[in-house]
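I have placed the structure first, in the form of structure tokens, so that the comments after it can refer back to it.
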Amino acid sequence: MTATALPRTENALARRITDWMEPSNVIVLVSLCVGAAQDNSLTGLAWALEAIVFAAAIPMAYIQFGMRRGMWADRHIGQRQRRMLLIPVIMASVATGIGLMVGLDAPKAMVALVVAMLVTLAVLLPVTAFWKISVHTAVAGGALAMLSLTWSPLVWIAYPIVAAIAWSRISLRDHTLAQTIAGAVAGTATAGLVFAALSS
8 MTATALPRTE NALARRITDW MEPSNVIVLV SLCVGAAQDN SLTGLAWALE
58 AIVFAAAIPM AYIQFGMRRG MWADRHIGQR QRRMLLIPVI MASVATGIGL
108 MVGLDAPKAM VALVVAMLVT LAVLLPVTAF WKISVHTAVA GGALAMLSLT
158 WSPLVWIAYP IVAAIAWSRI SLRDHTLAQT IAGAVAGTAT AGLVFAALSS
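For the sequence shown, my numbering puts the final residue at 207, and the numbers step up evenly by one.
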């Protein structure tokens, strides 16, 4: 009698980390933190909400729409080819947000924040065409880079959070170690450099 393989049980902690630290949640957090650091914190937070709408809320709404239409199975878009359909839509939404910020004279740092997000996506898109680089670690690494430039270099001590996110993605078999490292490096370097150049 042939033994039947038991279904693999996923790690509950890894699932929580992946879901809680998904890119949209990280974008909300970094936007609010950068907004609160502006000279007029209320104005900064108002612009943070604008950034959240175009960089997190609209993309998540589109992801939910795609799930209902059967375009992808879950909100993390596990299939690399499906990400090629999603990323340009997110880029268009983020670019629209940037246009409004520039047109309405948003604080320099808030514009820099969202431009850094757009450039990071532009870096990830061509790589995604042939390799499933981790968006989770890219966004988390980029967020910490921008927060360190906004608040204090001491923010870098939180970088183990990116490692925890990488572990969760690997544990759930959504990414390899190389894909999570590449995402972290690409996101940290790209967002950090763009934000530093445009916010100063």
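Idealized CB from N, CA, C, for every residue including glycine.
Whether residue i touches residue j by CB criterion (8 Å)
i	j	result
D181	G85	yes
L205	A119	yes
M153	V41	yes
A55	S31	no
M108	L128	no
V146	S155	no
L36	A150	yes
I24	S175	yes
V134	V201	no
N-terminal and C-terminal residue of the alpha helix (DSSP H) that residue i is part of
i	result
V146	V142 to T157
E57	S48 to I59
N32	P30 to A43
Cβ-Cβ separation, residue j to residue i (assumed contact under 8 Å), whole Å
i	j	result
V2	G148	Only positions 8 to 207 of the chain appear in the structure, and residue 2 is not among them; the question remains open.
M28	H143	7 Å
A104	F61	Per the sequence shown, the amino acid found at residue 104 is Gly instead of Ala. The Cβ separation is near 3 Å, so the contact holds.
T187	A171	Their Cβ separation, rounded to whole angstroms, is 11 Å, which puts T187 and A171 out of contact at 8 Å.
Option in the options with minimal Cα separation from residue i
i	options	result
N47	F202, A116, A145 and H143	A116
W113	P133, E57, A193 and R89	This sequence places Ala at residue 113; Trp is not what is there. Checking every option, the nearest Cα to that of A113 belongs to E57.
R87	L161, I140, I70 and G51	I140
V96	A196, A150 and Y69	Y69
V121	E17, L20, T197 and N18	T197
Per-residue burial, residue i [other beta carbons within 10 Å of its own, 16 or more giving buried]
i	result
S159	exposed
V101	buried
I164	exposed
T9	In this prediction, T9 scores a pLDDT of 49, lower than 50, which makes its location untrustworthy; no coordinate-derived value is stated.
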